[in-house]
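If you want the numbering used here, it's the position in the sequence shown, counting the first as 1, plus 63.
By construction, the Cβ of each residue, glycine as well, lies at the ideal position given by its N, Cα and C atoms.
None of the values given here were measured: they were computed from a predicted structure.
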Amino acid sequence: MHAVSPIKSKNQIEQMKRYLEAHSTRDYSLFLLGINTGIKLQELLSLRVHDVCNEEGKIAEFLSIPHYTNPPIYLNALIRKVLKRYLNENSLISTDYLFKSRKTSEPITRQQAYRIINAAAKEAGIMEPVGMTTLRKTFGYHAYSQGVAISLIQKRLQHSSSSETMHFIGLDQQPVTVTININL
């Protein structure tokens, strides 16, 4: 098993999104949820339709997973739009797995999810090893890059320390220069 890194290039992320959107709304939804929420693969695969929408079919703004309440998992406008399209294209009922296999009523397997993400990464020209943890690392890296406090990312990724989170998202090897300029 190879160590994987976050996808740091937004251009490569966009290329993966375009590839997945062209091939499968289900796979595109899986990728979007993974890189935008940071939840673990097993939890993504165990999601059911009722976890993301109500009885009227309205996509929720926050994901309904009991142990992800602080902070809650926000579903941004793009995720909600793609999930709505995915649910409209398929005949899923509220108790169905969100990422249901095309052949059975079970969710896709970890191996299938891995193949989906790897095919998209290859199309995007990503040469580094990519795995399912790449989605969580990408979430953490870009959240931190956009100014989200490491303590919030740590909680989302369910890590015990901020140094564990920094190591996980690949920022512990880089020297970080912090300038605090109050300028009163």
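In DSSP terms, what residue i is bridged to
i: R111; result: Y160
i: I122; result: C116
i: P192; result: BP columns for P192 are empty, so no partner.
i: P170; result: K163
Same chain only: Cβ atoms within 7 Å of residue i, ignoring 5 sequence neighbours per side
i: R89; result: Y149 and F162
i: S92; result: V145, L146 and Y149
i: R219; result: G101 and P134
i: P170; result: L108, S109, Y160, F162, K163 and S164
i: Y204; result: P69, K71, I232 and G233
Own chain, CB closer than 6 Å to residue i, minus 5 neighbours either side, in chain order
i: P192; result: H65 and V67
i: T167; result: none
i: F202; result: I98 and G101
i: M79; result: A183 and A187
Any non-hydrogen atom of the ligand ZN within 7 Å of residue i CB
i: Q105; result: The ligand ZN is absent from the structure shown, which contains no ligand whatsoever.
As assigned by DSSP and simplified to three states, the class of residue i
i: K103; result: coil
i: A176; result: helix
i: Q221; result: coil
i: G233; result: coil
i: L146; result: helix
i: L247; result: coil
i: N181; result: helix
i: I73; result: Reading the sequence as shown, one finds Lys at residue 73 and not Ile. It is helical.
i: G210; result: coil
i: S226; result: helix
i: L155; result: coil
i: S92; result: helix
Residues near residue i in its chain [Cβ-Cβ closer than 8 Å; skip 5 each side]
i: R111; result: S157, T158, D159, Y160 and L161
i: S225; result: I213, S214 and Q217
Would you check if there are 3 or more beta carbon pairs closer than 8 Å linking the segment 79-86 to the segment 117-134?
Contact fails: fewer than three Cβ-Cβ distances are below 8 Å.
Okay, do the segment 149-158 and the segment 103-118 touch, 3+ Cβ pairs below 8 Å being the bar?
The count of Cβ pairs closer than 8 Å, one atom from the segment 149-158 and one from the segment 103-118, reaches three, so the stretches are in contact.
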